[in-house]
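Heads up: the structure comes next, in structure tokens.
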């Protein structure tokens with residue numbers, strides 16, 4: 027895999043060298059990442075980039091600095107791969123930041139200049155940032171009957187005490203040794219993960235339990251996709267009954283607009299939503315544990331109503347409309363209103379038994 | 027330990043029952059947590075609570091609701107201990123929230139009402155929230171030659187691949203099986219942890235590496251203290267060269283005002299600061315990688331100058347004054363400016379060799 031990425035980086039450099047040899051204006055092709063070039067691919071059920079690209083030229087006052095920055099980032103990533111080390115996107119910024127000789131001009135003034143260049147490079151040579159050995163903060167935890175290999179260590183996800191395994195930002199390098207599970211349960215809240223972990227839910231139901239701690243990191247999304255793709259495990263997303271929770275589900279399932287260029291690598295189109303729904307609030311007697319929705323919640327719910335993948339499903343239309351009409355929301359912790367073990371012993375088993383999922 | 031905490035909770039209930047039997051106004055004593063009652067104990071080098079307490083009465087219009095809430099929280103914690111389960115502070119809020127019969131009065135309207143009651147209970151019966159089985163989000167990671175036991179699993183901190191062990195909110199229940207290390211290096215940034223972990227710094231230097239991810243969680247502070255107390259390991263804190271980084275060090279070392287009542291359980295007075303300092307910026311040629319300090323940074327640095335434990339040390343006075351005069355700051359990632367391995371192969375070994383720490 028590393029070799030393939032190196033080849034792509036070398037091809038990029040070679041292309042620019044060829045332009046110079048041919049005395050042409052050196053340039054690189056970068057697919058456009060604006061909303062105008064993001065489409066929902068009905069067949070794959072994912073957001074993807076369209077075909078529009080833009081050329082970035084060296085001899086162009088408006089492009090020259092970005093051209094230089096793109097070359098610097100590409101060259102930095104090449105040396106990460108050569109040295110077999112990783113760096114955070116902030117490390118990269120500091121490493122590349124300098125003042126050009128005899129000038130007051132910096133290569134990069136702020137990290138907000140180097141971050142988008144990484145995405146440009148991702149789309150230009152069609153690789154993941156993680157494959158370029160660039161990392162971000164780790165986020166997300168996992169537990170289950172799974173043994174993996176990571177940097178030469180064998181790690182048993184069932185033997186990590188109260189901790190679970192902290193999901194790194196680069197999971198494409200881990201190898202699965204054994205995977206003994208029937209499904210993956212993705213929980214939006216770490217508190218929910220902790221409760222289910224303590225109640226040994228993953229042992230009792232033979233599943234893999236993942237806590238995302240809010241919007242899942244790219245590493246967590248990649249891990250979910252790998253478990254789904256490589257091990258054919260159904261994925262159920264358990265999130266708050268509010269627009270943000272539904273959006274988290276949508277991102278896991280179909281990708282996001284800002285990361286549309288990598289949907290096929292990190293989205294899981296077959297993921298299903300297990301709860302919490304507004305209907306659940308009434309079905310499971312949680313009315314006392316709801317929160318009044320804010321204007322922004324209602325506004326977001328109205329936007330979600332218009333998403334193509336929610337439009338086609340009457341149940342989603344119903345739930346989103348309920349959210350708007352009732353003007354309430356509920357967090358998964360609201361289930362504790364019925365007792366601390368209600369989530370693991372009543373609610374989730376009931377939902378799983380009825381196969382009561384939203385698609 | 028659990029038994030001791032249960033006894034304290036029972037004593038609290040018994041006290042109230044006795045008041046009723048004696049036909050007195052039921053009340054509980056709660057040490058005052060305001061700034062007026064926080065003192066810096068020079069001998070222990072920690073912030074602690076003074077002796078002022080206030081009585082909370084049942085028959086008092088201003089106290090009655092809080093009195094009820096305190097009893098509800100105490101009773102909830104008692105059942106957590108009896109059932110041997112844990113709950114997040116948000117779970118607790120939802121579990122206890124209800125509307126009183128024949129009224130529109132809620133036991134708790136918002137979590138912001140139940141959270142301070144937990145601290146009241148902590149100070150009233152002198153236990154840690156963690157000992158009451160209340161949890162918060164896990165934060166912080168650790169790696170090193172250490173084997174622990176947690177919920178019946180043996181966990182080897184040296185064999186967790188790229189991940190490290192995710193530090194739970196309750197670490198007083200873990201047991202140390204073997205600890206083979208010469209010191210503890212606490213890193214403010216997770217990105218710093220990742221770089222040092224990848225470079226096998228903890229293996230090469232035989233240390234325990236802890237990443238706090240910003241201000242350390244209570245669990246992480248408790249872990250640092252336990253490693254220092256129980257295993258006599260020196261603790262070195264590695265944080266940004268800015269007022270916030272110095273404050274993080276100060277909290278690890280001496281505790282914080284808002285948690286003064288638990289300093290003796292979670293602070294590590296012997297902790298030392300290894301860097302980054304403003305002097306380091308000049309000594310290690312990092313000037314190109316600094317950031318202009320904001321007004322708030324300067325304001326905070328001026329406040330830190332007045333802290334008793336920074337006042338007594340001329341080197342701290344010098345560094346804080348440099349921060350103010352030069353108007354710059356630097357993050358630990360700035361070391362990447364000198365190369366990605368500069369931190370693990372040059373800077374830290376050099377500091378350790380010279381024993382160049384601030385106290």
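Residue numbers (our numbering), protein chains in the order written: chain E, 27 to 385; chain H, 27 to 385. Virtual Cβ for every residue (Gly too), placed ideally from N, Cα, C.
Start and end residues, beta strand (DSSP E) containing residue i
| i | result |
| --- | --- |
| residue 109 of chain E | No beta strand (DSSP E) contains residue 109 of chain E, which is instead part of the alpha helix (DSSP H) from 90 to 109. |
| residue 201 of chain E | 201 to 205 |
| residue 117 of chain H | Not the beta strand (DSSP E): residue 117 of chain H falls in the alpha helix (DSSP H), residues 115 to 122. |
| residue 373 of chain E | First-last for residue 373 of chain E: undefined, no H or E at that position. |
| residue 358 of chain H | From DSSP, residue 358 of chain H is part of no beta strand (DSSP E); its letter is neither H nor E. |
| residue 165 of chain E | Per DSSP, residue 165 of chain E belongs to no beta strand (DSSP E) and is neither H nor E. |
| residue 173 of chain E | 172 to 176 |
Distance between residue j and residue i (C-alpha atoms, nearest Å)
| i | j | result |
| --- | --- | --- |
| residue 63 of chain E | residue 278 of chain E | 21 Å |
| residue 329 of chain H | residue 227 of chain H | 35 Å |
| residue 259 of chain H | residue 181 of chain H | 20 Å |
| residue 382 of chain H | residue 301 of chain H | 9 Å |
| residue 276 of chain E | residue 295 of chain E | 9 Å |
| residue 282 of chain H | residue 165 of chain E | 27 Å |
| residue 71 of chain H | residue 188 of chain H | 36 Å |
| residue 29 of chain H | residue 274 of chain H | 34 Å |
| residue 219 of chain E | residue 141 of chain H | 21 Å |
| residue 185 of chain H | residue 285 of chain E | 33 Å |
| residue 201 of chain H | residue 257 of chain H | 12 Å |
| residue 378 of chain E | residue 370 of chain E | 11 Å |
| residue 133 of chain H | residue 243 of chain H | 29 Å |
| residue 291 of chain E | residue 122 of chain H | 43 Å |
| residue 357 of chain H | residue 136 of chain E | 13 Å |
Close Cβ partners of residue i (< 6 Å) along its chain, the five nearest in sequence each way excluded
| i | result |
| --- | --- |
| residue 268 of chain H | 323 and 355 |
| residue 317 of chain E | 355 |
| residue 298 of chain H | 262, 383 and 385 |
| residue 158 of chain E | 103 |
| residue 360 of chain E | 312 and 315 |
| residue 216 of chain H | 237 and 239 |
| residue 272 of chain E | 330 |
| residue 125 of chain E | 132 |
| residue 327 of chain H | 269, 346, 349 and 350 |
Range of the contiguous alpha helix (DSSP H) that encloses residue i
| i | result |
| --- | --- |
| residue 299 of chain E | Segment 298 to 301 is the beta strand (DSSP E) holding residue 299 of chain E; no alpha helix (DSSP H) there. |
| residue 347 of chain E | 340 to 352 |
| residue 246 of chain H | 244 to 257 |
| residue 148 of chain E | 137 to 151 |
| residue 326 of chain E | 321 to 331 |
| residue 273 of chain E | 269 to 280 |
| residue 229 of chain H | 227 to 230 |
Reference residue i; option with closest CA among the options
| i | options | result |
| --- | --- | --- |
| residue 76 of chain E | E/233, E/49, E/91 and E/56 | E/56 |
| residue 221 of chain E | E/209, E/236, E/210 and E/207 | E/236 |
| residue 33 of chain E | E/151, E/185 and E/215 | E/151 |
| residue 247 of chain E | E/263, E/50 and E/374 | E/263 |
| residue 149 of chain H | H/200, H/179, H/349 and H/31 | H/31 |
| residue 79 of chain E | E/379, E/362, E/59 and E/176 | E/59 |
| residue 270 of chain H | H/46, H/331 and H/179 | H/331 |
| residue 170 of chain H | H/113, H/177 and H/234 | H/234 |
| residue 320 of chain H | H/309, H/373, H/342 and H/352 | H/352 |
| residue 229 of chain H | H/198, H/214, H/245 and H/207 | H/207 |
| residue 172 of chain H | H/204, H/113, H/197 and H/162 | H/204 |
Amino acids of chain H, ordered along the chain, whose beta-carbon sits closer than 9 Å to that of residue i
| i | result |
| --- | --- |
| residue 187 of chain E | 174, 175, 176, 177, 178, 179, 180, 181, 191, 194 and 200 |
Neighbouring residues, chain H, relative to residue i (Cβ below 8 Å)
| i | result |
| --- | --- |
| residue 114 of chain E | 217, 220, 221 and 359 |
| residue 121 of chain E | 362, 363, 365 and 366 |
| residue 117 of chain E | 217, 221, 359, 362 and 366 |
Same chain, Cβ closer than 7 Å to residue i, five either side skipped, listed in chain order
| i | result |
| --- | --- |
| residue 144 of chain E | 99, 115, 155 and 160 |
| residue 82 of chain H | 53, 54, 56, 89, 92, 93 and 96 |
| residue 250 of chain H | 210, 212, 236, 261, 278 and 294 |
Interface residues of chain E facing residue i [CB-CB closer than 8 Å]
| i | result |
| --- | --- |
| residue 77 of chain H | By Cβ distance, chain E contributes nothing, its closest Cβ being about 36 Å from residue 77 of chain H, past 8 Å. |
| residue 164 of chain H | 167, 189, 216 and 220 |
9 Å Cβ cut-off: residues of chain E touching residue i
| i | result |
| --- | --- |
| residue 414 of chain H | Shown here, chain H extends from 27 to 385; a query on residue 414 of chain H therefore has no answer. |
Contacting residues, own chain, Cβ-Cβ under 8 Å from residue i (five flanking each side not counted)
| i | result |
| --- | --- |
| residue 366 of chain E | 221 |
| residue 85 of chain H | 51 and 52 |
| residue 36 of chain H | 104 |
Chain E contact residues for residue i, given Cβ-Cβ distances below 7 Å
| i | result |
| --- | --- |
| residue 161 of chain H | 220 |
Contact test: residue i Cβ vs the ligand NAD heavy atom, cutoff 8 Å
| i | result |
| --- | --- |
| residue 102 of chain H | This structure does not include the ligand NAD; it has no bound ligands of any sort. |
Proximal residues of chain H, C-beta to C-beta of residue i below 7 Å
| i | result |
| --- | --- |
| residue 224 of chain E | 111 and 112 |
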